[in-house]
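Let me begin by presenting the structure, written as structure tokens, before commenting on it.
Number of protein chains: 4
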Amino acid sequence: MLIHLDPTNRVPVYQQLINQVKRHIATGTLKPGDRLPAVRELALLVLVNPNTIQKAYTDLADAGLIHSRKGQGVFVSELRSTLSKDERTRRSVEATDQYITDLLMLGLGLDEVQGLVAARARRFEREEKR
Amino acid sequence: MLIHLDPTNRVPVYQQLINQVKRHIATGTLKPGDRLPAVRELALLVLVNPNTIQKAYTDLADAGLIHSRKGQGVFVSELRSTLSKDERTRRSVEATDQYITDLLMLGLGLDEVQGLVAARARRFEREEKR
Amino acid sequence: MLIHLDPTNRVPVYQQLINQVKRHIATGTLKPGDRLPAVRELALLVLVNPNTIQKAYTDLADAGLIHSRKGQGVFVSELRSTLSKDERTRRSVEATDQYITDLLMLGLGLDEVQGLVAARARRFEREEKR
Amino acid sequence: MLIHLDPTNRVPVYQQLINQVKRHIATGTLKPGDRLPAVRELALLVLVNPNTIQKAYTDLADAGLIHSRKGQGVFVSELRSTLSKDERTRRSVEATDQYITDLLMLGLGLDEVQGLVAARARRFEREEKR
DNA sequence: GTGGTCTAGACCACG
DNA sequence: GTGGTCTAGACCACA
Numbered sequence: 850m851l852i853h854l855d856p857t858n859r860v861p862v863y864q865q866l867i868n869q870v871k872r873h874i875a876t877g878t879l880k881p882g883d884r885l886p887a888v889r890e891l892a893l894l895v896l897v898n899p900n901t902i903q904k905a906y907t908d909l910a911d912a913g914l915i916h917s918r919k920g921q922g923v924f925v926s927e928l929r930s931t932l933s934k935d936e937r938t939r940r941s942v943e944a945t946d947q948y949i950t951d952l953l954m955l956g957l958g959l960d961e962v963q964g965l966v967a968a969r970a971r972r973f974e975r976e977e978k979r
Numbered sequence: 850m851l852i853h854l855d856p857t858n859r860v861p862v863y864q865q866l867i868n869q870v871k872r873h874i875a876t877g878t879l880k881p882g883d884r885l886p887a888v889r890e891l892a893l894l895v896l897v898n899p900n901t902i903q904k905a906y907t908d909l910a911d912a913g914l915i916h917s918r919k920g921q922g923v924f925v926s927e928l929r930s931t932l933s934k935d936e937r938t939r940r941s942v943e944a945t946d947q948y949i950t951d952l953l954m955l956g957l958g959l960d961e962v963q964g965l966v967a968a969r970a971r972r973f974e975r976e977e978k979r
Numbered sequence: 850m851l852i853h854l855d856p857t858n859r860v861p862v863y864q865q866l867i868n869q870v871k872r873h874i875a876t877g878t879l880k881p882g883d884r885l886p887a888v889r890e891l892a893l894l895v896l897v898n899p900n901t902i903q904k905a906y907t908d909l910a911d912a913g914l915i916h917s918r919k920g921q922g923v924f925v926s927e928l929r930s931t932l933s934k935d936e937r938t939r940r941s942v943e944a945t946d947q948y949i950t951d952l953l954m955l956g957l958g959l960d961e962v963q964g965l966v967a968a969r970a971r972r973f974e975r976e977e978k979r
Numbered sequence: 850m851l852i853h854l855d856p857t858n859r860v861p862v863y864q865q866l867i868n869q870v871k872r873h874i875a876t877g878t879l880k881p882g883d884r885l886p887a888v889r890e891l892a893l894l895v896l897v898n899p900n901t902i903q904k905a906y907t908d909l910a911d912a913g914l915i916h917s918r919k920g921q922g923v924f925v926s927e928l929r930s931t932l933s934k935d936e937r938t939r940r941s942v943e944a945t946d947q948y949i950t951d952l953l954m955l956g957l958g959l960d961e962v963q964g965l966v967a968a969r970a971r972r973f974e975r976e977e978k979r
């Protein structure tokens, strides 16, 4: 499992870790039941304070994506959406609008945005098949 | 020039202001030489702490998008690209991957994601034409 | 707003705080829009480390019960259930079974449990009316 | 004697075991003088680390509910109330208030809470009669 | 002055 | 050896 953290990045280290774990789960690189690296182990590996890892793991656990067993480690949970249908569409639309806005700000056009999504989606597809 | 700031939103008020000014410049609502509202004036208008407006204006000036002339006000500068092409690409790809991941975690499929982007993009298109 | 924390209690301090804030919201002692004490202020008041308060506030924010605005403070959010109907009933039933089991373990009978719930519910009702 | 341990559950395995032994004693499935399974035997049976079983047995012995005779095994002791009446009441009330708060936060009304308790209590009643 | 992030390091709970 | 809680204290982002 590949994790890369950049402490100079504006986005908080613990958030970077959360994002990457989510992505690994979303693409299937991490499957339910898989064990994640121990807090201290990963802290040494990526050279950040164990508390920072702990924070990310706790947040992921709160989100129901992973669960921890004291003395045993941290594991990927069975994913089960707990959100109502309305809430899911609400969040999807909000995320999409925010995403499009961000890319327009970067100077892309609407066509380019859709092209980019299509291109990256194909890459996700390939990752899933591995 | 329309400015709408939402203090409830998780993105910082000063950042919202920066984004909107950038967007106005990008879409041509604001052209080089145009005068922006004075700090205090805008603060009263949108009911925000003048420090917040000042912060946004300073950042925009640092980015070379606007400049102030003592005693005269704040003006839109001649355009020059603020980010390198590589950097723009890097950020676009990162944002896209994160966006796709988030929607996969919400339970959508890759097809649905692309459909949603297309649908919302059409809505953005209509807004631009107004 | 009354907060009482007991560091000798087995349940973590930050969890005690979460529970009490939840109760205040549930009973209406805290209403949407109300401001909570500042992190440092409350830390001094109840004599715990500010980080402990921060942790509780963060968790409550993640649960959507409160939201924070940097530089302004922490506020009670509009409550909006984000859970699906199925998930809500599932959790209700699970909580109820766990609760009944706990009280049976304490030596109460099923009649006594129902009587106790009725009695405390009446007290909640009175708190709400204030 | 039926023991079911769920390592996934957030409540510690040794605590689950304690709870179930207590419950068996409370409901009369286990009577004073009855012999409990040996540590190693039970560990194999429920697929749990023997240390965990040992920890539960030690705690139960400390609480005066069981005692071990060297070379003979572990036995249920004569019953004596382990908590003072006041302490039991205090804990019952606290658990009840927390329970009600949790269900209010889930969006249920006080009436619904009482109805739910009644419904689940009836189910507990049926289980006891078996 | 407000909340947010991170580090260093201690101690506890659990298996 | 595993994760969980808490403290002390620094520094940053924001209004």
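Residue numbers (the numbering used here), protein chains in the order written: chain A, 850 to 979; chain B, 850 to 979; chain C, 850 to 979; chain D, 850 to 979. A virtual CB, placed ideally from N, CA and C, is assigned to each residue, including glycine. A quick note: this is a predicted structure, and the numbers were derived from the prediction, not measured.
- For the C-beta of R918 of chain A, the chain D residues within less than 7 Å are, from N- to C-terminus, P856.
- With respect to chain B, the C-beta atom of Y863 of chain A has no partner C-beta closer than 8 Å.
- In summary, L896 of chain A is exposed, with fewer than 16 beta-carbon neighbours lying within 10 Å of its beta-carbon over all protein chains present.
- With respect to S926 of chain D, I915 of chain D sits close: the two C-beta atoms are nearer than 8 Å.
- R889 of chain D is not a Cβ neighbour of G922 of chain D, given a cutoff of 8 Å.
- Beta-bridge pairing by DSSP links H916 of chain A to A:F924.
- Cβ-Cβ separation between V862 of chain B and T901 of chain B: approximately 5 Å, consistent with a contact (criterion under 8 Å).
- By the criterion of a C-beta distance shorter than 8 Å, L879 of chain A is surrounded in its chain by M850, V870, H873, L885, V925, once the five residues flanking it on both sides are discounted.
- Interface criterion not met: the Cβ of S933 of chain A is under 8 Å from no Cβ in chain B.
- Annotated three-state conformation of R859 of chain A is coil, per DSSP.
- Ranking A:E977, A:L965, A:A967, A:L953 by CA distance to the CA of T876 of chain B puts A:L953 first.
- DSSP places R884 of chain A within a strand segment (E or B) once states are collapsed to three.
- E927 of chain C has a beta carbon lying at 8 Å or more from every beta carbon in chain A.
- With a threshold of 8 Å between beta carbons, F924 of chain B makes no contact with chain A.
- The C-beta distance from S941 of chain C to L957 of chain D rounds to 6 Å, short enough to meet the 8 Å contact threshold.
- Residue contact with chain A for E936 of chain C: present (Cβ-Cβ distance below 8 Å to some residue of chain A).
- Taken atom to atom, the span from the alpha-carbon of I852 of chain A to that of A970 of chain A is near 21 Å.
- Where I902 of chain C is concerned, the enclosing alpha helix (DSSP H) starts and stops at 899-911.
- Under the three-state reduction of DSSP, L959 of chain D is assigned to helix.
- Cα atoms of L854 of chain B and E943 of chain C: separation of roughly 43 Å, rounded to the nearest angstrom.
- Beyond the five residues adjoining it in sequence on each side, I867 of chain A comes within less than 8 Å, by CB distance, of A905, D908, L909 in the same chain, given in chain order.
- In the DSSP assignment, I949 of chain A falls within the alpha helix (DSSP H) that extends over 934-954.
- Counting only the Cα atoms, L955 of chain C lies some 6 Å from R937 of chain D.
- Assignment of T876 of chain D by DSSP, reduced to helix, strand and coil, places it in the helix class.
- The Cβ-Cβ distance between A967 of chain D and Q963 of chain C falls below 8 Å.
- D935 of chain D counts as exposed, since fewer than 16 other C-beta atoms from the protein chains shown sit within 10 angstroms of its C-beta.
- Around the Cβ of T945 of chain B, a 10 Å sphere holds 16 or more other Cβ atoms; the residue is buried.
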